[in-house]
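Asker: Can you keep this structure in mind? I'll have questions shortly.
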Amino acid sequence: MKKKYPTLYTLLQFALIFLFGLFLRKFVLTPVEVLGTSMEPTYHESDRLWQTSLIQPKRFDIATFPSPRNGKRIVKRVVGLPGDTLRMENDQLYINDQKFTEPYLDEFKEALTDGMPLTADFTLATSAAGPETVVPEGKYFVLGDNRRVADDSRYFGFVDEEDIVGVVYFRYYPLNQLGIQ
1 MKKKYPTLYT LLQFALIFLF GLFLRKFVLT PVEVLGTSME PTYHESDRLW QTSLIQPKRF
61 DIATFPSPRN GKRIVKRVVG LPGDTLRMEN DQLYINDQKF TEPYLDEFKE ALTDGMPLTA
121 DFTLATSAAG PETVVPEGKY FVLGDNRRVA DDSRYFGFVD EEDIVGVVYF RYYPLNQLGI
181 Q
């Protein structure tokens with residue numbers, strides 16, 4: 001075919017390259033811009049990230065989904081998976097009655113000077129997810145890292161699995177923080 005129809009062969013090559021590029025852009029290299037301060041100190045306003053929709057979010061992954069408030073794509077940390085119980089007590093996260101450390105919050109906690117916890121006490125039942133006491137199948141419980149200002153599952157409830165657009169895996173801007181997340 002290459003010798004008999006060189007123009008058609010070239011067009012097919014370009015079409016395949018174009019389709020491969022579309023696949024990468026849609027599922028592997030989807031850009032996301034951080035809006036607001038709810039993920040500080042991990043991410044800041046206008047940080048640029050790449051996400052993939054080819055993997056399911058795991059605990060503590062950063063996921064993107066449309067905000068239940070205005071539909072804009074937002075970035076939050078997945079804390080509760082289907083079947084989990086969650087609570088926050090004295091700034092300590094408990095998942096299925098086990099303590100979990102959140103090292104990504106250490107910088108923020110150390111900077112606090114008012115004697116108040118970074119994260120107010122809550123349970124699933126006392127959050128907007130209530131009266132549920134367990135994260136239902138097909139749902140996730142998400143939190144922003146800047147817990148005092150974050151609008152997250154404590155206030156808008158669970159995030160449906162089908163609403164998760166992708167999982168963040170790389171920051172490409174600002175350049176001084178370039179890298180795998």
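Here the UniProt record's numbering is used: position 23 in the sequence shown is 23, and no number is missing along the way. Every residue, glycine too, gets a C-beta built ideally from N, C-alpha and C.
(1) Excluding sequence positions up to five away, which residues of its chain have a Cβ less than 8 Å from the Cβ of Ile95?
(2) Buried or exposed for Thr64, please, with buried defined as at least 16 other CB atoms from any protein chain shown within 10 angstroms of its CB.
(3) Would you list the one or two residues that DSSP bridges to Phe170?
(4) Rounded to a whole number of angstroms, what is the C-alpha to C-alpha distance between Ala128 and Val34?
(5) Restricting to Cα atoms, I'd like to know which of Asn176, Gly36, Val142 is closest to Asp160.
(6) In the DSSP assignment, find the beta strand (DSSP E) that holds Phe141 and state where it starts and stops.
(7) In terms of DSSP beta bridges, what is Pro6 paired with?
(8) Within its chain, find whatever has a CB closer than 7 Å to the CB of Lys99; leave out the 5 residues flanking it on each side and keep chain order.
(9) Using only alpha-carbon positions, find the residue among Asn90, Ser67, Asp114 that is nearest to Phe158.
(10) With a Cβ-Cβ cutoff of 8 Å, do Ser46 and Val149 count as a contact?
(11) Would Asp61 be called buried (16 or more neighbouring beta carbons within 10 Å of its own) or exposed?
(12) Going by C-alpha distance, which of Ala15, Lys139, Tyr172, Met88 is nearest Pro57?
(13) Between Tyr169 and Ile180, is the Cβ-Cβ spacing less than 8 Å?
(14) Could you tell me the distance, in whole angstroms, from the CA atom of Thr123 to the CA atom of Arg25?
(15) Excluding five sequence neighbours on each side, which residues of the same chain lie with their C-beta closer than 8 Å to the C-beta of Glu40?
(16) Under the three-state reduction of DSSP, which class applies to Leu29: helix, strand or coil?
(17) I'd like the span of the beta strand (DSSP E) that includes Arg87, first residue to last.
(18) Helix, strand or coil for residue 190, going by three-state DSSP, please let me know.
Answerer: A quick look at the data gives this:
(1) By the criterion of a C-beta distance shorter than 8 Å, Ile95 is surrounded in its chain by Arg59, Val79, Gly80, Asp84, Thr85, Leu86, once the five residues flanking it on both sides are discounted.
(2) Answer is buried; the Cβ neighbour count reaches 16.
(3) Beta-bridge pairing links Phe170 to Trp50, Ile180.
(4) So the two alpha carbons sit approximately 24 Å from each other.
(5) It is Val142 whose Cα lies nearest to the Cα of Asp160.
(6) Membership of Phe141 in the beta strand (DSSP E) is indicated by the continuous run 139–143.
(7) Bridge partners of Pro6: none, in fact.
(8) Once the five neighbours on either side are set aside, the close Cβ partners of Lys99 are Gln92.
(9) Ranked by how close their Cα comes to the Cα of Phe158, the residues Asn90, Ser67, Asp114 have Ser67 in first place.
(10) 8 Å or more divides the Cβ of Ser46 from the Cβ of Val149.
(11) It counts as buried.
(12) Each of Ala15, Lys139, Tyr172, Met88 was checked against the Cα of Pro57, and the nearest Cα belongs to Lys139.
(13) Contact flag set, yes.
(14) Inter-residue distance for Thr123 and Arg25 is about 38 Å (C-alpha atoms, whole angstroms).
(15) Closer than 8 Å at the Cβ level, and outside the excluded window around Glu40, lie Phe108, Asp145, Asn146.
(16) Three-state DSSP puts Leu29 in coil, outside helix and strand.
(17) Annotation for Arg87: the continuous beta strand (DSSP E) segment containing it runs 86–89.
(18) Since the first and last residues shown for the chain are 1 and 181, residue 190 lies out of range.
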